[in-house]
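S.K.: Here's a structure for you.
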Amino acid sequence: FPLWVHQLLEYDSKTNVCEPQIWSHLRLILPYLGILVLGVGDSIGAICGLKYGRHYWPGVSSRTLEGSLGMFLSMIFVVFVVFFFTSG
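Residue numbers are given in the working numbering: position 88 of the sequence shown equals residue 86, and the series is strictly consecutive.
Structure follows, in structure tokens:
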């Protein structure tokens, strides 16, 4: 695991397993973070940015605030859907 992910995990010496401290479902989403960010977030962000993008980020950037908001909201939506269907 990358260092930032490893810091979210807590080692249990009885079971020899690292368990998440913050959410019990975090381990379900970890393998899919790349797909979530690149597949869903970037795709929806590009679509929103092209269709609705009017306000560009400061500096020399082709990214729009609307595209970034679309990316963020789509990733949050996917995380909630995953948690809803995996929580029993």
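Backbone N, C-alpha and C define an ideal beta-carbon position, used for all residues, glycine too.
#1: Quick check on this structure: which residue in P29, A44, L28 has the alpha carbon closest to the alpha carbon of S72?
#2: Among V77, C46, I33, V79, which one has its Cα closest to the Cα of E64?
#3: Label G57 either buried or exposed according to how many other C-beta atoms from any shown protein chain fall within 10 Å of its C-beta, with 16 as the threshold for buried.
#4: Y50 lies in the alpha helix (DSSP H); which residues open and close that run?
#5: Quick one: does the C-beta of P29 sit closer than 8 Å to a heavy atom of the ligand GTP?
M.R.: In this structure, then:
#1: A44
#2: Considering only alpha carbons, the answer is C46.
#3: Under a 10 Å Cβ-count criterion, G57 is classified as exposed, with fewer than 16 other Cβ atoms of the shown protein chains found around its own Cβ.
#4: 40 to 50
#5: Ligands are entirely absent from the displayed structure, and the ligand GTP is therefore not among its contents.
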